[in-house]
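I have placed the structure first, in the form of structure tokens, so that the comments after it can refer back to it.
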Amino acid sequence: MKNRFTTRFVLTAAFVACASLALAATGSARTDRGGAVSGAISADGSSTVGPYVTAGAEGFQRSNRGARVTVGISGTGGGFERFCKGETDLANASRPIKQSEAAICRQNDIAYVPFLVANDGLSIVLNRENTWATCLTVDELKKIWDQGSKINNWQDVRQGFPNVKLSLYGAGTDSGTFDFFTERINGKSKRSRSDYSATEDDNVTVRGVAGDRGAMGYFGLSYFEENKGQLKLLEVNGGNGCTAPSIKTVQANTYKPLSRPLFVYAKRTSFRRPVVQAFVRYLITNERAIAKTARFVSLTDRQLRKSKYQYNQAIKAAR
């Protein structure tokens, strides 16, 4: 598989001092000859974050021949379910962990630390033969996607739109993308019409929208970038004019309301292992190269300082 920027970071004096330092070393436990680490790492979760972690794993494994990173894509919710049962080392997430999920982790004595790894602009895509819709307002999107909506034709979305059947494709209910989209568009997480083609495989959405003139779908920006020859990107008017997701608009938080940060959660007991420490360190120190390779939006300088601070604090706690 190749799926909130509104999180605010408070900079304290201690944060600035720690973030300005290089990332801490990964510890003194046994490594392979030449300083490379070895061992298996299991990750599961978001189909949006999956391609980012997979791209990072490929580079990491080239430098650490004895390391093996497996990446699943059961959705953010499915990933946290496995993670909080202790089945995986890492949870890839396109949203922060929910209180209900954190409670299950606590019940199972699973302590964890989150790391900010990249940014995303959730992208709404249309068929390339759609010549009438270039920008929709949040209210119009809500009219289409809200719970109980019966809008099944483009002529019912806006006066002047043609009589063309509207087919919808989107994230499955275990997806963090589903939670994020429904919260930001419909006003409440999981509040959505159910009569659409739901999937955890964003490639299914690509094929569905590309093959249907009246289709609409949504997923992470990296999937549009990978398939932009087959799809049309819809601009969104969140109240300040029509804007499309891009590196510039996502980092500047001007693509409202669909910009978001992406996370990797590490189980603290797993983080004590040198191979897991080294892999998380690799994701952070190489985040811009990984983001470019995997077509993600990289962290801002401020976010990167935050991510390094999180790592250094986790290293201290692991000693």
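For reference, each letter of the sequence shown is one residue, going 1 to 319 in my numbering.
All C-beta atoms in this analysis are idealised placements derived from N, C-alpha and C, irrespective of residue type, glycine included.
What you are looking at is a predicted structure, and each value in this text was computed from that prediction instead of being measured.
Per-residue burial, residue i [other beta carbons within 10 Å of its own, 16 or more giving buried]
i: Asp240; result: Here residue 240 turns out to be Asn, not Asp, going by the sequence shown. Answer is exposed; the Cβ neighbour count stays below 16.
i: Trp145; result: buried
i: Ser175; result: buried
i: Ser259; result: buried
i: Thr131; result: exposed
i: Ser63; result: exposed
i: Lys306; result: buried
i: Ala171; result: buried
Cβ neighbours of residue i in the same chain (closer than 7 Å, five flanking residues each side left out)
i: Thr254; result: Thr243
i: Phe224; result: Ser123, Val125, Leu231, Leu233
Three-state class that DSSP yields for residue i in the structure shown
i: Ala278; result: helix
i: Asp139; result: helix
i: Arg95; result: coil
i: Ala43; result: strand
i: Leu221; result: helix
i: Arg319; result: coil
i: Phe80; result: helix
i: Pro162; result: coil
i: Ala171; result: strand
i: Arg106; result: helix
i: Tyr112; result: strand
i: Gly86; result: coil
i: Thr48; result: coil
i: Ala55; result: helix
Whether residue i touches residue j by CB criterion (8 Å)
i: Asp212; j: Ser167; result: yes
i: Ala93; j: Thr70; result: no
i: Ile124; j: Tyr196; result: no
i: Ser222; j: Phe115; result: no
i: Thr293; j: Ala91; result: no
i: Ala314; j: Phe263; result: no
i: Arg65; j: Ala40; result: no
i: Val117; j: Tyr52; result: yes
i: Leu234; j: Leu304; result: no
i: Asp44; j: Gly86; result: no
i: Thr182; j: Arg191; result: yes
Cβ-based neighbour list, residue i, same chain, cut-off 8 Å, excluding 5 preceding and 5 following
i: Asn155; result: Reading off the sequence, residue 155 comes out as Gln, not Asn. Around Gln155: Phe161, Pro162, Asn163, Val164.
i: Val250; result: Phe5, Asn119, Asp120, Gly121, Leu221, Ser259, Val297
i: Lys232; result: Val125, Leu126, Asn127, Arg128, Asn130
Cβ of residue i within 8 Å of any chain D Cβ
i: Gly238; result: Looking for chain D here will not work: only one protein chain is present.
Residues of its chain near residue i, where Cβ-Cβ distance is below 6 Å and the 5 sequence neighbours each way are ignored
i: Ser46; result: Thr76, Asn92, Ala93, Ser94, Gly176
i: Ser42; result: Thr70, Thr88, Asp89
Report task. At 3 residues or longer, and completely inside the segment 228 to 304: list those beta strand (DSSP E) runs for me, N to C. Result -> If you keep only unbroken beta strand (DSSP E) runs of at least 3 residues inside the segment 228 to 304, you get 231 to 233, 235 to 237, 259 to 267.
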